[in-house]
Amino acid sequence: LELQLLGGNGTDARPTANLCTPGTEVEMSGVKVQAHCTNSTSETFHDDEWVTVELIVHADTVVSHLVNGEKVLGYEQLTIGGGSVDGFDDAMKLDGQPLGHGYIALQSESHPVQFRRVLLRQLTGG
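In terms of this note's numbering, the sequence shown opens at residue 832 and continues consecutively.
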């Protein structure tokens, strides 16, 4: 799963903290998401300002994207499956299995990006 960070281009609406699902599937309000990428409800940030983004993940059950403290996207039932991925190991892509683990990575595809104060915190409790 990808939390997609986008900056504004000066004119168009471009929400940030969107969801893209290469090789994975999720549900929103009990309905499987069909689109590869889903926009959040965040505002567009056109200038070079710092934006606080939080990703709250409760195992493979519930995920929330927050921008500047406001929830802008939520989804549940994370599973392996779907398209938008190639060159994978068949033994690793077990469609329908819960997405119970993975990696955290920061990347920039086409524009410079700066990250400040990247914090990871393990959630505990039931």
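Ideal placement from N, C-alpha and C gives every residue a C-beta, glycine not left out.
Assumed close pair residue i, residue j - CB separation to whole angstroms, cut-off 8 Å
i	j	result
L832	A848	Not quite, the Cβ-Cβ distance comes to about 12 Å (not below 8 Å), so this is no contact.
G918	F876	The pair is not a contact, with the Cβ atoms about 34 Å apart (cut-off 8 Å).
S939	H867	The Cβ separation is near 19 Å, so there is no contact.
Cβ-Cβ distance between residue i and residue j below 9 Å
i	j	result
P846	E874	yes
L850	Y906	yes
L904	T869	yes
G900	I911	no
T852	G913	yes
T855	L909	yes
Extent of the continuous beta strand (DSSP E) run through residue i
i	result
N849	N849 to C851
S895	V893 to V898
H889	V884 to H889
Helix, strand or coil at residue i according to DSSP, with G and I counted as helix
i	result
L909	strand
T855	strand
E874	coil
P943	coil
L904	strand
V862	strand
Q835	strand
T842	coil
T958	Outside the displayed range of the chain (832 to 957) lies residue 958, so it cannot be described from this structure.
Same chain, Cβ closer than 8 Å to residue i, five either side skipped, listed in chain order
i	result
S951	It is Leu, not Ser, that sits at residue 951 in the sequence shown. Within the same chain, L951 has close Cβ partners I935.
G841	H877
Same chain, Cβ closer than 7 Å to residue i, five either side skipped, listed in chain order
i	result
F946	L937
K863	E856
Residues of its chain near residue i, where Cβ-Cβ distance is below 6 Å and the 5 sequence neighbours each way are ignored
i	result
I887	S895
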